[in-house]
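Have a look at the structure below, then the notes.
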Amino acid sequence: QVQLQESGPGLVKPSQTLSLTCTVSGGSISSGSYYWTWIRQPAGKGLEWIGCIYTSGSTNYNPSLKSRVTISIDTSKNQLSLKLSSVTAADTAVYYCARGGGSWELDSWGPGTLVPVSS
Amino acid sequence: DIQMTQSPSSVSASVGDRVTITCRASQGLSRWLAWYQQKPGKAPKLLIYAASNLQSGVPSRFSGSGSGTDFTLTISSLQPEDFATYYCQQANSLPLTFGGGTKVEIK
Numbered sequence: 002q003v004q005l006q007e008s009g010p011g012l013v014k015p016s017q018t019l020s021l022t023c024t025v026s027g028g029s030i031s032s033g034s035y036y037w038t039w040i041r042q043p044a045g046k047g048l049e050w051i052g053c054i055y056t057s058g059s060t061n062y063n064p065s066l067k068s069r070v071t072i073s074i075d076t077s078k079n080q081l082s083l084k085l086s087s088v089t090a091a092d093t094a095v096y097y098c099a100r101g102g103g104s105w106e107l108d109s110w111g112p113g114t115l116v117p118v119s120s
Numbered sequence: 020d021i022q023m024t025q026s027p028s029s030v031s032a033s034v035g036d037r038v039t040i041t042c043r044a045s046q047g048l049s050r051w052l053a054w055y056q057q058k059p060g061k062a063p064k065l066l067i068y069a070a071s072n073l074q075s076g077v078p079s080r081f082s083g084s085g086s087g088t089d090f091t092l093t094i095s096s097l098q099p100e101d102f103a104t105y106y107c108q109q110a111n112s113l114p115l116t117f118g119g120g121t122k123v124e125i126k
């Protein structure tokens, strides 16, 4: 069974770039007809889709974040990554990576990592 | 973006109760809708995809129905482990969007 695990710095300063990595285990990130996504959730609030990447390397981003987001994939390391630039306190959230299936459902999730944005 | 509206935002229920949660989309989704369960401090867990398909390993007391703009998640007999927040997610077009959540609380 595939498992996902997010990792990254525990704190990011305003105006800096948030960088996270998601390591996939229990299966190849490039096998099957899956895509890989990033989602975030501010404390006590709902879920926001950030964007996704396919094993081909093509990406789709949420228009609300598109100018600041880059998602990439490293099939040799079985990892995907997220970079979010020019962060503010509004970007403070738990960030999740997840695997997407053929019906655009998200069938496997990492446990999430809290990223506070604060000076 | 497609807006997803869940109702109610919270519901109080007892073990054994039948619970129904509704999700309405701002435009037609066909059957491209998923449901998730989230417990405090945990990641969401997929329950239902394509409106009515039960994800592997999910108890059969969970069921989904609907098409177009109106969808329902039903828990036929609420169990103690089902107290959580439930989210719908439209899978019809990007960006993927989620409902605001329904918190199922103990009465």
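Chains A and B, in that order, give the protein sequences. Every number in the numbering used here is 1 more than the matching position in the first sequence, counting from 1. Every number in the numbering used here is 19 more than the matching position in the second sequence, counting from 1. Glycine is no exception: its CB is placed at the ideal position from the N, C-alpha and C atoms.
Exercise. With 8 Å as the threshold, decide whether the Cβ of residue 115 (chain B) is near any Cβ in chain A.
Key: At least one chain A Cβ lies under 8 Å of residue 115 (chain B).
Quiz item: Near residue 123 (chain B), which residues of its chain fall below 7 Å by C-beta distance, leaving aside the five closest residues on each side in sequence?
Solution: Within the same chain, residue 123 (chain B) has close Cβ partners 30, 32, 38, 101, 102, 103 and 105.
Quiz item: Near residue 115 (chain B), what residues of its chain come up, given a Cβ to Cβ distance below 8 Å and the 5 sequence neighbours on each side ignored?
Solution: Around residue 115 (chain B): 108 and 109.
Quiz item: So residue 105 (chain B) is in the beta strand (DSSP E); what residue range does that whole segment cover?
Solution: Annotation: the continuous beta strand (DSSP E) that includes residue 105 (chain B) extends over 104-109.
Exercise. Closer than 7 Å, Cβ to Cβ, to anything on chain B: give me those residues from the stretch 78-99 of chain A, in chain order.
Key: The stretch 78-99 of chain A vs chain B, Cβ under 7 Å: 97.
Exercise. Under 8 Å Cβ to Cβ from residue 63 (chain B), same chain only, skipping five residues before and after it: list those, please.
Key: Taking C-beta separations shorter than 8 Å and ignoring five residues to either side along the sequence, the partners of residue 63 (chain B) in its chain run 55, 56, 57 and 106, following chain order.
Self-check item: Check whether residue 111 (chain B) and residue 45 (chain B) have beta carbons under 8 Å apart
Solution: Pairing residue 111 (chain B) with residue 45 (chain B) gives a Cβ-Cβ distance that is not under 8 Å.
Quiz item: In the DSSP assignment, what residue or residues form a beta bridge with residue 50 (chain A)?
Solution: Bridge partners of residue 50 (chain A): A:40.
Self-check item: Interface flag, residue 50 (chain A) vs chain B, CB-CB below 8 Å
Solution: The Cβ of residue 50 (chain A) sits closer than 8 Å to at least one Cβ of chain B.
Quiz item: With contact counted as at least three CB pairs below 8 Å, one residue from each stretch, are the stretch 85-95 of chain B and the stretch 80-93 of chain A in contact?
Solution: Because the criterion of three Cβ pairs below 8 Å is not met, the stretch 85-95 of chain B and the stretch 80-93 of chain A do not touch.
Practice problem: Would you kindly work out how many angstroms separate the C-alpha atoms of residue 116 (chain A) and residue 5 (chain A), rounded to a whole number? | Solution: Residue 116 (chain A) and residue 5 (chain A) have their C-alpha atoms roughly 17 Å apart.
Quiz item: With C-beta atoms as the reference, is residue 47 (chain A) less than 8 Å away from residue 83 (chain B)?
Solution: Contact flag unset, no.
Quiz item: With 16 other CB atoms within 10 Å as the buried threshold, where does residue 18 (chain A) fall?
Solution: With fewer than 16 Cβ atoms within 10 Å of its Cβ, residue 18 (chain A) is classed as exposed.
Quiz item: Taking a cut of 8 Å between CB atoms, which residues from the stretch 53-67 of chain B lie near chain A?
Solution: Answer set for the stretch 53-67 of chain B: 53, 55, 61, 62, 63, 64 and 65.
Quiz item: Of all the CB atoms in chain D, is at least one closer than 8 Å to the CB of residue 111 (chain A)?
Solution: Considering every chain present, this structure includes no chain D. Its protein chains are A and B.
Practice problem: Could you please tell me which residues of the stretch 19-37 of chain A, in chain order, have their CB closer than 9 Å to any CB of chain B? | Solution: Within the stretch 19-37 of chain A, no residue has a Cβ lying closer than 9 Å to any Cβ of chain B.
Quiz item: What are the boundary residues of the beta strand (DSSP E) that residue 60 (chain A) is part of?
Solution: Start and end: 60-62.
Quiz prompt | Rounded straight-line distance, which links the Cα of residue 107 (chain A) to that of residue 73 (chain B) | solution = Distance between the alpha carbons of residue 73 (chain B) and residue 107 (chain A): 13 Å.
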